[in-house]
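Peer 1: Line by line, the protein sequences give chains A and B. Once you know that position 69 of the first sequence is 69 in the UniProt record's numbering, the rest is easy, because the numbers rise by one and skip nothing. Once you know that position 54 of the second sequence is 54 in the UniProt record's numbering, the rest is easy, because the numbers rise by one and skip nothing.
There are 2 protein chains.
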Amino acid sequence: MGKKFAVKYQVPFYETDVNQNIKLPHLLSYALHVSGLQSLSLGVSDEEIFKTYNLVWIITDYDIEIDRLPKYGETITVETEATAYNKLFCYRDFNIYAENGDKIMAIHSTFVLMDYETRKVHPVVDDLVATYGVEKIKKILRGPKYEDLENPEETIYHVRYFDLDMNGHVNNSKYLEWMYDVLDVDFLRQHIPKKINLKYVKEIHYGHDIQSRLELDGLISKHEISGDGVHAQARIEWKEKE
Amino acid sequence: MGKKFAVKYQVPFYETDVNQNIKLPHLLSYALHVSGLQSLSLGVSDEEIFKTYNLVWIITDYDIEIDRLPKYGETITVETEATAYNKLFCYRDFNIYAENGDKIMAIHSTFVLMDYETRKVHPVVDDLVATYGVEKIKKILRGPKYEDLENPEETIYHVRYFDLDMNGHVNNSKYLEWMYDVLDVDFLRQHIPKKINLKYVKEIHYGHDIQSRLELDGLISKHEISGDGVHAQARIEWKEKE
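#1: How big is the Cα-Cα spacing for P152/B and D184/B?
#2: Report the start-end ranges of each beta strand (DSSP E) in the stretch 135-219 of chain A that is 3 residues or longer and not cut off at the edges.
#3: What span of residues does the alpha helix (DSSP H) with K3/B cover, start to end?
#4: Please list the partners that R119/A has in chain C, where partner means a Cβ-to-Cβ separation under 9 Å.
#5: Kindly list the residues whose CB is nearer than 8 Å to the CB of N172/A, restricted to its own chain and excluding five residues on each side of it in sequence; keep chain order.
#6: H208/B and E240/B: beta carbons closer than 7 Å?
#7: So T52/B is in the alpha helix (DSSP H); what residue range does that whole segment cover?
#8: At what residues does the alpha helix (DSSP H) containing G36/A begin and finish?
#9: Whole-angstrom Cβ separation of A84/B and I156/B, contact assumed at under 8 Å?
#10: Within this structure, are the beta carbons of V125/B and I96/B separated by less than 7 Å?
#11: Under 7 Å, do E215/A and L149/A count as touching if we go by C-beta distance?
#12: Which residues in chain A have a C-beta closer than 9 Å to the C-beta of S39/B? List them in chain order.
#13: Out of N21/A, Y161/A and P193/A, state which residue places its alpha-carbon closest to the alpha-carbon of V66/A.
#14: For S4/A and E81/A, which I take to be in contact (beta-carbon distance under 8 Å), what is that distance rounded to the nearest angstrom?
#15: For D181/A, which option in P144/A, Q211/A, L113/A and G2/A has the closest C-alpha, if you only look at C-alpha atoms?
#16: Of all the options L55/A, D63/A, D165/A and Y175/A, which has the alpha carbon lying nearest to the alpha carbon of K202/A?
#17: So is G2/B in contact with chain A if we call contact Cβ pairs under 7 Å?
#18: Is the separation between the beta-carbon of G133/A and that of G2/A shorter than 7 Å?
#19: Can you find the residues in the same chain that come closer than 6 Å, C-beta to C-beta, to K64/A, ignoring five residues on each side of it along the sequence?
#20: For the beta strand (DSSP E) containing D127/B, list its first residue and its last residue.
#21: Helix, strand or coil: how does DSSP classify E117/A here?
#22: Give the residues of chain B in contact with K23/A, contact being defined as C-beta atoms less than 7 Å apart.
#23: Would DSSP call E65/B helix, strand or coil?
#24: Compare the C-beta of T80/A with all C-beta atoms of chain B and state if any pair is closer than 7 Å.
#25: What in chain B is Cβ-close to S212/A, meaning under 8 Å?
#26: Please confirm whether D165/A and T110/A have their CB atoms less than 7 Å apart.
#27: For my contact list, R68/A and I104/A are in at a C-beta cut-off of 8 Å; report their separation, rounded to the angstrom.
#28: Roughly how many whole angstroms lie between the Cα atoms of D163/B and Y206/B?
#29: Beta-carbon separation of L55/B and I49/B under 7 Å?
#30: Measure the Cβ-Cβ separation of A234/A and L188/A and say whether it is below 7 Å.
#31: With a threshold of 16 other CB atoms inside 10 Å of the CB of E177/B, please say whether the residue is buried or exposed.
#32: Using a C-beta cutoff of 7 Å, does M179/B count as contacting chain A?
#33: Taking C-beta pairs closer than 7 Å, name the residues in chain A that G227/B reaches, listed in chain order.
#34: By the DSSP assignment, the beta strand (DSSP E) with K241/A in it spans what residues?
#35: Which two residues bound the contiguous beta strand (DSSP E) that contains F94/A?
#36: Any idea if G36/B is buried or exposed, counting beta-carbon neighbours within 10 angstroms, 16 or more meaning buried?
Now the structure itself:
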């Protein structure tokens with residue numbers, strides 16, 4: 001396991017949902033921000049690796065376990081740690097702790113380095129990841145196999161200006177927004193996610209419409225974001241809100 | 001003028017736009033968060049006045065002057081100060097300072113207290129605003145008169161789940177997102193706002209579609225958010241990006 005890095009964060013009003021919980025897409029963005037702060041503190045900031053290698057970090061997979069979501073006004077600790085890497089993939093955990101120290105969420109993530117020009121995955125640069133004090137492994141950790149949706153409900157979304165980040169691409173967190181949005185608001189008022197598997201397949205560009213496809217079976221929802229092929233897939237296991 | 005309160009804030013990656021500037025709707029949310037922190041520090045938190053008086057603070061008007069927008073990674077200071085109040089309205093300024101102390105933005109805002117049950121404006125409670133050390137005035141400060149749009153372009157938006165905040169209402173910052181989104185992306189890549197007048201007329205509820213109406217005349221854009229009548233109006237003066 002690698003070096004740990006943690007930041008305290010108080011959940012603001014404008015990032016809370018109808019259940020007074022943090023908006024999950026925002027929490028994922030914030031977690032990513034914390035890993036960026038760690039990189040900066042270690043002298044390997046995103047800016048630095050872009051300048052030196054012309055590479056950018058991209059998330060490919062999330063595996064999220066949720067005991068409960070952080071609440072409005074609560075001060076949580078977002079801790080991150082690179083856990084391992086192999087030839088192509090870097091594995092990083094984020095743990096969310098309540099004020100009393102209880103771990104309330106674990107976010108396992110997979111990153112790759114992408115060549116900014118070619119938009120292709122670049123082999124991991126050993127020197128770079130050595131900074132995080134993390135071990136190289138042979139094994140490739142596989143996420144679940146996402147089955148094709150057989151008879152999904154489908155809703156069209158138009159990419160909006162503020163969906164874009166400064167690279168002109170749709171920000172990762174928007175995918176999850178589109179996945180949530182097709183669920184019934186009453187369902188979302190009564191349930192919170194317990195386990196989420198999310199896979200990013202392909203970037204989305206401005207000016208395109210996407211389809212958010214849903215199959216809901218009891219407390220399991222299966223999602224697909226499609227447009228020019230499949231852009232993302234997810235499987236969410238829900239539980240009743242306490 | 002009242003007591004000042006300031007917070008430093010580093011602009012995160014996930015809140016920056018294609019120009020590497022802060023997303024303005026987010027900055028307005030953050031500013032509001034800072035005024036909430038001041039209230040908390042003075043013992044008159046939003047929670048407290050809700051419990052004591054069954055009242056909530058609502059923004060009705062913004063008048064925003066922009067020299068330049070905060071940039072990605074920049075650490076700004078967001079300062080706030082209640083400036084005056086009268087029988088119904090409370091006036092509050094937010095000033096945004098760059099790291100070198102230059103003032104780069106001034107946000108003049110008007111707040112009212114709303115009765116949470118009746119959704120009607122409540123007269124200002126003198127005891128409450130006294131806490132901010134601010135002077136009562138007779139005068140009512142008027143924003144500009146917004147003319148009706150004569151021949152607007154119109155785009156329909158569906159209220160999304162994550163547009164809602166924990167009160168189940170559309171968060172204020174979304175109105176500005178819909179106003180921006182109808183502008184051409186190339187226009188938004190080449191221009192930044194110089195002056196914004198924005199008026200909130202009526203709340204928007206979930207499950208409704210709204211129209212974002214636009215008239216662009218040179219470097220002046222006029223906006224209307226309509227649905228069940230007019231919900232918000234704005235006038236934005238743009239300048240070329242430096």
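Note that CB positions come from ideal geometry on N, CA and C, so glycine has one too.
Peer 2: Reading it off the structure:
#1: Indexing the second sequence from 1 puts residue 152/B at position 152. Indexing the second sequence from 1 puts residue 184/B at position 184. The alpha-carbon atoms of P152/B and D184/B are separated by roughly 14 Å.
#2: 153-158, 191-200 and 209-217
#3: Mapped onto the second sequence, residue 3/B falls at position 3. Where K3/B is concerned, there is no enclosing alpha helix (DSSP H), because DSSP gives it neither an H nor an E.
#4: Going by chain labels, chain C is absent from the structure shown, which instead holds the protein chains A and B.
#5: Indexing the first sequence from 1 puts residue 172/A at position 172. Hits under 8 Å: L28, S29, L32, I59 and Y200.
#6: Sequence index remark: in the second sequence, residue 208/B carries index 208 (1-based). Sequence index remark: in the second sequence, residue 240/B carries index 240 (1-based). The answer is no: Cβ separation not under 7 Å.
#7: Position 52 of the second sequence, counted from the first residue, corresponds to residue 52/B. T52/B -> alpha helix (DSSP H) spans D46 to Y53.
#8: As a first step, residue 36/A is located in the first sequence; it is residue number 36 there, counting from the start. G36/A -> alpha helix (DSSP H) spans L24 to S41.
#9: Against the second sequence, residue 84/B aligns to sequence position 84. Against the second sequence, residue 156/B aligns to sequence position 156. About 39 Å separates the two Cβ atoms, so there is no contact after all.
#10: As a first step, residue 125/B is located in the second sequence; it is residue number 125 there, counting from the start. As a first step, residue 96/B is located in the second sequence; it is residue number 96 there, counting from the start. No, the pair does not count as a contact, with Cβ atoms beyond the cut-off.
#11: Numbered from its first residue, the first sequence carries residue 215/A at position 215. Numbered from its first residue, the first sequence carries residue 149/A at position 149. Contact flag set, yes.
#12: Reading the second sequence from its first residue, position 39 is the one you call residue 39/B. S39/B does not reach chain A, its nearest Cβ partner there being about 12 Å away, counting only Cβ pairs nearer than 9 Å.
#13: As a position in the first sequence, residue 66/A is number 66, starting the count at 1. A small correction: the amino acid at residue 66/A is Ile; Val does not occupy that position in the sequence shown. The shortest C-alpha separation from I66/A is found at P193/A.
#14: As a working note, residue 4/A is residue 4 in the first sequence. As a working note, residue 81/A is residue 81 in the first sequence. Note on identity: in this sequence residue 4/A is Lys, with Ser being the wrong assignment. Correct: roughly 5 Å between the Cβ atoms.
#15: Locating residue 181/A in the first sequence gives position 181, counting from the first residue. Considering only alpha carbons, the answer is Q211/A.
#16: As a working note, residue 202/A is residue 202 in the first sequence. The candidate whose alpha carbon is nearest that of K202/A is Y175/A.
#17: Indexing the second sequence from 1 puts residue 2/B at position 2. No, no contact with chain A.
#18: For the purposes of this step, residue 133/A is identified with residue 133 of the first sequence, where counting begins at 1. For the purposes of this step, residue 2/A is identified with residue 2 of the first sequence, where counting begins at 1. Contact flag set, yes.
#19: Here residue 64/A refers to the residue found at position 64 when the first sequence is read from its first residue. Looking at the sequence itself, residue 64/A is Ile, so the reference to Lys does not match. I107 and I196, listed in sequence order.
#20: What you label residue 127/B is simply residue 127 of the second sequence in a count that begins at 1. No beta strand (DSSP E) contains D127/B, which is instead part of the alpha helix (DSSP H) from D126 to A130.
#21: Walking along the first sequence from the start, residue 117/A turns up at place 117. Residue state, collapsed to three classes: coil.
#22: Translated into the one-based positions of the first sequence, residue 23/A becomes position 23. Per Cβ cutoff of 7 Å: F162.
#23: Residue mapping note: residue 65/B aligns to position 65 of the second sequence, counting from 1. Of the three classes helix, strand and coil, the one that applies to E65/B here is strand, per DSSP.
#24: For the purposes of this step, residue 80/A is taken as residue 80 along the first sequence, with counting starting at 1. Chain B contact via Cβ: absent.
#25: Reading the first sequence from its first residue, position 212 is the one you call residue 212/A. What S212/A touches in chain B: nothing, since even the nearest Cβ is about 11 Å away.
#26: Translated into positions along the first sequence, residue 165/A becomes position 165. Translated into positions along the first sequence, residue 110/A becomes position 110. In this structure, D165/A keeps its C-beta atom at 7 Å or more from the C-beta atom of T110/A.
#27: Counted from its first residue, the first sequence places residue 68/A at position 68. Counted from its first residue, the first sequence places residue 104/A at position 104. That belief holds up - the Cβ atoms of R68/A and I104/A are roughly 5 Å apart, short of 8 Å.
#28: The residue labelled residue 163/B in the question sits at position 163 within the second sequence. The residue labelled residue 206/B in the question sits at position 206 within the second sequence. When only Cα atoms are considered, D163/B and Y206/B end up about 9 Å apart.
#29: Counted from its first residue, the second sequence places residue 55/B at position 55. Counted from its first residue, the second sequence places residue 49/B at position 49. Going by C-beta atoms, L55/B is nearer than 7 Å to I49/B.
#30: Locating residue 234/A in the first sequence gives position 234, where the first residue counts as 1. Locating residue 188/A in the first sequence gives position 188, where the first residue counts as 1. Cβ atoms of A234/A and L188/A: not closer than 7 Å.
#31: Indexing the second sequence from 1 puts residue 177/B at position 177. Label assigned to E177/B: buried.
#32: By 1-based counting over the second sequence, the position of residue 179/B is 179. No, M179/B lies away from the interface with chain A (no Cβ there is under 7 Å from its Cβ).
#33: Residue mapping note: residue 227/B aligns to position 227 of the second sequence, counting from 1. Within chain A, no residue comes near G227/B; the closest Cβ sits about 17 Å away, beyond 7 Å.
#34: Counting from one through the first sequence, the residue named residue 241/A turns up at place 241. Note, K241/A: premise wrong, no beta strand (DSSP E); not H, not E.
#35: Counting from 1 along the first sequence, the entry for residue 94/A is found at position 94. Residues C90 to Y97.
#36: Counted from its first residue, the second sequence places residue 36/B at position 36. Under this definition G36/B is a buried residue.
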